[in-house]
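Enquirer:
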Amino acid sequence: MSGLKKGLPLTLSREKTSLNLDFKYLVKTPDYYQEFFSFGKRLNSMRVKGRTVLNIAIMAVILSFFVTPLGDYSKVMLNRIFSFSPTVAKEANRETIADYNWRLKDENWDFFNFKESEGRVVFVNFWRTWKLPSHAELESVQKLYDAYKGKVDFYIITNEEKEPVEKFMQERNFTFPVTYSVVGDSSPLSGSNTPRSYLIDKKGKIVIQKEGVADWDNARMYQLLNSLLEK
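Taking full-length UniProt numbering, the leading residue of the sequence shown gets 1, the next gets one more, and so forth.
#1: Would you check if there are 3 or more beta carbon pairs closer than 8 Å linking the region 110-122 to the region 188-204?
#2: Among 94, 52, 54 and 90, which has the Cα closest to the Cα of residue 205?
#3: What's the gap between the Cα of residue 89 and the Cα of residue 224?
#4: Among 113, 107 and 92, whose alpha-carbon lies nearest the alpha-carbon of residue 164?
#5: For residue 78 and residue 134, I'd like the C-alpha separation in whole angstroms.
#6: Check this for me: beta carbons of residue 85 and residue 218, under 8 Å apart or not?
#7: Can you check whether the CB of residue 180 is closer than 8 Å to the CB of residue 105?
#8: Within 10 Å of its beta-carbon, does residue 91 have 16 or more other beta-carbons around it, so buried, or fewer, so exposed?
#9: With DSSP as the reference, label residue 103 as helix, strand or coil.
#10: Using alpha carbons as the reference points, say which of 126, 175, 182 and 136 lies closest to residue 155.
#11: Mapping the DSSP letters down to three states, classify residue 52 as helix, strand or coil.
#12: Could I get the ranges of all uninterrupted beta strand (DSSP E) runs contained in the UniProt domain "Thioredoxin" (86-230), with 3 residues as the minimum, in chain order?
#13: Out of curiosity, what's the CA-to-CA distance linking residue 230 and residue 54?
#14: Are the CB atoms of residue 176 and residue 141 nearer to each other than 8 Å?
#15: Could you give the C-beta distance for residue 100 and residue 114, rounded to a whole number, given that I count them as a contact under 8 Å?
#16: How close, in whole Å, do the beta carbons of residue 157 and residue 184 come, if the pair is a contact with beta carbons under 8 Å?
#17: Between which residues of its own chain and residue 166 is the CB-CB distance below 7 Å, once the five residues before and five after are set aside?
#18: So which of 208, 102 and 228 has the shortest CA-CA distance to residue 188?
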């Protein structure tokens with residue numbers, strides 16, 4: 001080695017190196033396992049809490065369909081969402097109304113006869129204030145009435161007393177005329193399983209017969225009514 005003087009002994013000094021390392025996390029001591037399992041418990045607790053919150057949220061949604069008034073509102077909205085334009089019967093399959101001789105009461109509780117509508121296009125809807133499907137459907141019935149009042153005869157029929165019906169109409173701002181059935185009198189149209197609706201042409205043919213909620217406020221229905229009015 002050219003940098004060293006000849007005759008001098010070569011000595012190598014090896015200094016001790018001190019590494020300041022914490023072997024706690026490198027060597028699996030009992031403290032390590034204790035902390036590891038403690039962390040696992042905390043993580044599991046968080047998962048359980050998360051599932052609990054999710055379960056509570058699901059239960060809240062389910063209960064909303066049974067607890068009023070939120071439950072009533074939810075059911076009405078669902079009925080509206082899943083309501084569709086009713087099916088129109090083929091001309092060859094259309095039944096004829098059995099009889100126009102049908103005694104009814106108007107909104108003033110005065111008697112009149114369904115015969116007044118013979119030869120006209122007629123819309124009949126049986127409903128009840130206490131049935132949520134009726135609530136869902138009547139909004140579209142109101143819009144249909146607004147569009148065709150004076151052109152089509154509307155019979156929105158219930159068998160209830162006048163007072164609860166008037167209260168229901170005021171609370172929901174409905175303006176269509178209410179017709180009351182006469183308890184004990186026979187009817188040419190079935191009013192069971194409300195809501196139930198009928199659309200009758202000028203010749204007494206039943207063009208639509210619908211049980212359950214339907215959407216009456218749509219272009220397809222307006223086109224059908226216009227064609228029936230022109231015939």
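Beta carbons are placed, not taken as given, at the ideal position from N, Cα and C, and that holds for glycine. On a predicted model such as this, the values are computed, not experimentally measured, just so you know.
Expert: In terms of the structure at hand:
#1: yes
#2: 94
#3: 12 Å
#4: 107
#5: In this prediction, residue 78 has a pLDDT of 47, which is less than 50 and means its spatial position is unreliable; what the coordinates show is noted afterwards. If you take the alpha carbons of residue 78 and residue 134, they lie about 13 Å apart.
#6: yes
#7: yes
#8: exposed
#9: strand
#10: 126
#11: helix
#12: 103-105, 111-113, 122-126, 153-158, 178-181, 196-200 and 206-211
#13: 57 Å
#14: yes
#15: 5 Å
#16: That pair is no contact at about 15 Å.
#17: none
#18: 102
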